[in-house]
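FYI, the numbering for the sequence shown is 1099 to 1460, going by the numbering used here.
Note that the Cβ used here is the ideal one computed from N, Cα and C, for glycine as well.
Quantities reported herein were computed from a predicted structural model and do not represent experimental measurements.
Okay, so here's the structure we're looking at.
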Amino acid sequence: MITISLCMIVKNEAAILARCLSAIAPAVDEIIIADTGSSDRTKAVARKFTSHIFDFPWNDNFSDARNFSFSKASMQYCMWLDADDVITPDNLKKLQDLKRTLPPRTDIVMLQYATGFDSGQSPSFFYYRERLIRRQGGFLWQGAVHECIAPSGNIIYSNIVIEHRPPAGHFHTQRNLKIYEKALRQGSVLSARDTLYYARELAAAGRTEDACSQFVKVIEDAGAWTENRIEACKNLSDALISLGRTEDAMDALFKSFSFDLPRAETLCSLGDLFKIQKRYPQAIYWYTLALHCQEHPENGGFTDREKYGYYPCVQLCVCYFFAGDPQTAFQYHKMSGRWHTDTPEYAFNEAFFQSYRSAHHD
């Protein structure tokens, strides 16, 4: 059985830290807390779970703080969580089982990271993150913000899910922009990955034109990771839509096809654009393609599970109805129920078709 050091960096997390630690504690052998300057009761909460609490002077660099926390670990593997992450009981059991069965000399274990949830609060938007890292493997965190460890060596993918559940209204856009722009002023050159995340922060802050120029840099970088280029196309399209540049938004989505097979997320976005324009045959074409896509989360990109089933079914229902084919529309409505029957869309459509079929039967 392997041993795990849970390594966390925290600041002013007293309200939620116990939720995280109490959930994960049964699966780890050591808890390391690196506090970057809390002014609340974060340390007092942490002391209920561990005596390994260290101060790290904050220097606007998350990688430095993560590497510091890893340096204090003593177990075979380091595991990281943020204070607003949780693990459910069933995933905790999977993690405990993994500890007993992990093949020797595994370097990195990739776990699913759920950051979006459907109407029933089940994970629907997720991606893989390096979550268990062999302590003596020489791995280091990189990037001042949205930091990561580049996976290498013997890598295992697991279906264990860590859920990211921050408090409502818990955003860090301005903080993150400050860090990025400080680094740029100091002459740092952002990697393609950092450029993508910088662009996303710019977009979140409403600096849409600036965001577009950064997304284009990623798209045009032949050395960038394929998934980052695809995501940049999608994000650029969203930004262009907000600027009213619909045709350019379509071009951005089509550009992603030159990097790899189309993703359902991209196909649904194309369907959405045509649906808004009431070009229903074209929208039906793209939604149908999306419905037949397979998820490939092991590619490492963002996966919006709703776009691989429920969402295109709902949109096909709408498009077929307005295209003059209510029978097929009804079939797609019923098909959407394979995924959800408790959503506002499903309830609305169910009531609509009951009324519609009753009126036309009479």
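Enumerate in chain order the residues of its own chain whose CB-to-CB distance from Thr1344 is below 7 Å, with the five nearest sequence positions on each side excluded. Leu1371
Confirm, please, whether the CB-CB distance from Tyr1211 to His1244 is below 8 Å. no
Quick check on the DSSP output: the alpha helix (DSSP H) that includes Met1208 runs from which residue to which? Note, Met1208: premise wrong, no alpha helix (DSSP H); beta strand (DSSP E) at Ile1206 to Phe1215.
What residue from Ile1253, Phe1224, Ala1330 and Ile1206 has the CA that sits closest to Ile1260's CA? Phe1224
Give the secondary structure of Asn1333 by DSSP, where H, G and I count as helix, E and B as strand, and everything else as coil. helix
Range of the contiguous beta strand (DSSP E) that encloses Tyr1418: Per DSSP, Tyr1418 belongs to no beta strand (DSSP E); it is in the alpha helix (DSSP H), Tyr1408 to Phe1420.
Counted within 10 angstroms of its Cβ, other Cβ atoms place Ile1231 as buried (16 or more) or exposed: buried
Candidates Asp1205, Asn1326 and Asp1358: closest to Phe1313 by CA position: Asn1326
Gly1399 to His1458 span [Cα, whole Å]: 46 Å
Mapping DSSP to helix, strand and coil, what is Ala1132? strand
If we count the other Cβ atoms within 10 Å of its Cβ and call it buried at 16 or more, is Val1207 buried or exposed? buried
Under the three-state DSSP convention, the category Pro1265 falls into: coil
Tell me the DSSP secondary structure of Pro1442 in three-state form. helix
Are the region 1129–1136 and the region 1194–1208 touching, with three or more C-beta to C-beta distances below 8 Å? no
Thinking C-alpha only, which one of Gln1413, Ser1217, Asp1180 and Tyr1454 is nearest Ala1121? Asp1180
Are the Cβ atoms of Leu1115 and Thr1148 separated by less than 8 Å? no
Determine which residues share a DSSP beta bridge with Ser1137 and list them. Per DSSP, none; premise fails for Ser1137.
On the criterion of 16 or more Cβ atoms from any shown chain inside 10 Å, does Phe1152 qualify as buried, or is it exposed? exposed
Classify Phe1147 as helix, strand or coil using the three-state DSSP reduction. coil
My guess is that Ile1317 and Arg1361 are in contact by the Cβ rule of under 8 Å, so how many angstroms apart are they, rounded? Not really, about 15 Å apart at Cβ, beyond 8 Å.
Whole-angstrom distance between Ala1248 and Arg1227, CA atom to CA atom: 10 Å
Give the straight-line distance between the Cα atoms of Thr1134 and Ala1303, rounded to the nearest whole angstrom. 25 Å
By the three-class DSSP mapping on this structure, what secondary structure does Ile1254 have? strand
Does the distance between the C-beta of His1390 and the nearest non-hydrogen atom of the ligand NAD fall short of 7 Å? In the structure on display, the ligand NAD does not appear, and there are no ligands present to speak of.
Nearest to Val1287 by CA position, among Gln1240, Cys1105 and Ser1137, is which residue? Gln1240
Measuring straight from C-alpha to C-alpha, what distance separates Arg1298 and Asn1333? 7 Å
6 Å CB neighbourhood of Glu1396 in its chain, flanking five on each side removed: Tyr1255
Please list, in chain order, all residues of the same chain as Thr1271 whose beta carbon is under 7 Å from its beta carbon, the five residues on each side excluded. Glu1299, Ala1302 and Ala1303
Out of Asp1346, Ala1449 and Thr1293, which one is the CA nearest neighbour of Gly1321? Thr1293
Using the three-state DSSP reduction, which class does Ser1120 fall into: helix, strand or coil? helix
Rank Asp1162, Ala1123, Trp1156 and Asn1165 by C-alpha distance to the C-alpha of Lys1146 and give the top, closest one. Ala1123
How about Leu1368 and Leu1351: do their beta carbons lie closer than 8 Å? yes
For Val1412 and Glu1443, what's the separation of their Cα atoms in angstroms? 8 Å
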